[in-house]
Amino acid sequence: MIADQRADLTGAARLLGSARSVLLLAHNNPDADSLGSALTLGLALGRRGAEVSVSFDVPGAIPQSLSGLPGVDLVTPAERWLQAGTSGLDLLVSVDAGSAERLGRLASLFDGDVPLLVIDHHASNTYFGQHHLVDPSADATVVLVDALLSELGVPLDADLAALLYAGLATDTGGFRHGSAAAHVLAARLMAAGARPAELLQAITDSHPFGWLGLLSAVLGRAVLDPLALGGRGLVHTCVTLRDSAGLRQEEADSVIDILRTTSEAAAAAVLKQSAADEWQVSLRSRDGVRVGVAAIALGGGGHPQAAGFTWRGDYQGAIAALTQALDGPGAVSDEA
Ligand SMILES: [Mn+2]
């Protein structure tokens, strides 16, 4: 038995290798790491003869930017599982979710008799399964999935390599934050047939014309608070329901990557309105600022420098709470 039950690679591979009927769960608003991990395992286990489905709760359809990924036909609506339950399944797998809440209504499936394997790389993981392969040092969940494929003896092909590459490239901010191991894995995935430019064009580098209008409004109202975080600075803005009307989630999600380039601010926040008094807050930071600490304090989670939380109330209230949380213990470290 492996000493650390929280990062049990052999145990996880054994469970996956012996399961005959598996449901793989991606988190709400799945990104390329979560959906890519689920589809990779889905295709790999399917090839080994298992019956496999992939599902996620919100939104009800695959985000358009990810709809060209290999294996998307494995995706089944959450409603099917909420109605039918887990009978007939012998393994549930959660990928890239730090907590059961991230799976939305599908978390209700964990009450039954079917064991749950949690595969993830969030330091904030709550260890909500019976079996865990959780490694916060991994650049992305796809890194753990790649290790599982090796353990299972599944060779990489172009489809699996594309899925893994998509998750790796996006979770590392286009490899900016990737470890040396991430770059080595990228080379291996390219050798197996992953085509970076083509993949990323669809996932991150393509927006409808209406996106320009959203950016104009949202960036035009951005606020810089240079005194926040002891002078390190916070920049923030909001995307209202009106701004995002008729556009995809991808357009609203892209704003944080522009805001975070503000040189006068070590932390950036984008509040995306999801209902009259509800906001999904995306946070990014650098220079030793850990927005993840603030996100956890406010009921969310994520990584030290890329995190988020849900806020119920108004925009100003959210910024006040965030500023206070960023002034709390642990949010600013001395080592940059
Ligand atoms: Mn991830």
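Using our numbering, you'd call the opening residue of the sequence shown number 2 and step up by one each time.
Note that CB positions come from ideal geometry on N, CA and C, so glycine has one too.
Just to check my reading of the structure: Leu26 and Leu149 have Cβ atoms closer than 8 Å, yes? What is that Cβ distance to the nearest angstrom?
The Cβ separation is near 16 Å, so there is no contact.
Tell me which residue opens and which closes the beta strand (DSSP E) that Ser344 is part of.
Absent from the model: residue 344. The displayed extent of the chain is 2 to 337, so no value can be given.
Taking His1 as part of the beta strand (DSSP E), name the residues at either end of that continuous run.
What the structure shows of the chain is the stretch from 2 to 337, and residue 1 is not part of that stretch, so it cannot be assessed.
Which two residues bound the contiguous beta strand (DSSP E) that contains Gln281?
279-286
CA nearest to the CA of Pro31, picked from Ile297, Asp172, Ala322, Gln202
Asp172
Do Gly309 and Gly302 have their C-beta atoms within less than 9 Å of each other?
yes
Hey, how far is the Cα of Val185 from the Cα of Ala141?
14 Å
Look at Ser100 and Thr127 and say whether their C-beta atoms are less than 9 Å apart.
yes
If we call anything under 9 Å between Cβ atoms a contact, is His132 one with Ala20?
no
Candidates Ala188, Ala322, Gly194, of which the one nearest Asp158 by Cα:
Gly194
Quick check on Ile63: does DSSP put it in helix, strand or coil?
coil
Where do the N-terminal and C-terminal ends of the beta strand (DSSP E) with Gln274 fall, by residue?
268-276
Which same chain residues end up closer than 8 Å to Glu252 when comparing Cβ atoms and leaving out the 5 residues on each side of it in sequence?
His208, Pro209, Gly211, Trp212, Leu215, Ser245
Gly168: beta carbon under 8 Å from a heavy atom of ligand 1?
yes
Arg261 to Leu323 span [Cα, whole Å]:
16 Å
Quick one: is Thr41 buried, meaning 16 or more other Cβ sit within 10 Å of its Cβ, or exposed?
buried
Return the chain-ordered list of same chain residues with a C-beta closer than 8 Å to the C-beta of Ala4, the five sequence neighbours on each side being excluded.
Note that Ala4 has pLDDT 43, beneath the 50 cutoff, so the model's placement of it is unreliable and the number below is only indicative. Nothing listed; no residue qualifies.
Leu10 and Leu134: beta carbons closer than 9 Å?
yes
Less than 9 Å between the C-beta atoms of Ala266 and Leu235, yes or no?
yes
DSSP puts Val55 in a beta bridge; with which residues?
Leu25, Val76
Return yes when at least one heavy atom of ligand 1 lies under 8 Å from the C-beta of His132, else no.
no
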